[in-house]
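J.:
In UniProt numbering, the protein residues as written are 1 to 114.
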């Protein structure tokens, strides 16, 4: 006889059952996903904040020039981005969804809107 993975009660019925009822199965699976969901939520919150900061910049012809400390003062995190694009000329842009930025010398940052 097996025992429920969630509550520990004896399980009646099929020998391959892991839970005594749907409630225990749902509780167990929700608890298992909670830790990874919290980490994803934290990262998505940072990405969302970065996106909102970039979206509010005063772009001219889809370009904005600034420096790293200015963006950091607004709360921008350079650690989190969605993807990297390397162009044929070797320029590497880090993207936060549809906004890309290239880090240059002396904390210069070129932000582009795709």
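Where a beta carbon is used, it is the ideal one built from N, C-alpha and C, also for glycine. Predicted model, so just to flag it, every value in this text is computed and none were measured.
#1: Would you tell me roughly how many angstroms separate the C-alpha atoms of residue 134 and residue 85, rounded to the nearest one?
#2: Is it the case that the region 95 to 102 contacts the region 47 to 54, given that we only count it when at least three CB pairs across the two stretches are under 8 Å?
#3: Nearest chain C C-beta to residue 108 closer than 8 Å, yes or no?
#4: Count the C-beta pairs between the region 39 to 50 and the region 69 to 79 that are closer than 8 Å, then say yes if the count reaches three, no if not.
#5: Check this for me: beta carbons of residue 44 and residue 109, under 8 Å apart or not?
#6: Decide if residue 87 is buried, meaning its Cβ has at least 16 other Cβ atoms within 10 Å, or exposed.
#7: How many angstroms separate the CA atom of residue 28 from the CA atom of residue 8?
T.: With the structure as the only source:
#1: Summary: the structure shown does not reach residue 134, with the chain confined to residues 1 through 114, and so no result is reported for it.
#2: In this structure the region 47 to 54 touches the region 95 to 102; the number of beta carbon pairs closer than 8 Å is three or more.
#3: This model lacks chain C altogether, as it is built from one protein chain only.
#4: Because the criterion of three Cβ pairs below 8 Å is met, the region 39 to 50 and the region 69 to 79 touch.
#5: Not in contact: residue 44 and residue 109 (Cβ atoms no closer than 8 Å).
#6: Classification for residue 87: exposed.
#7: Cα-Cα distance, rounded: 12 Å.
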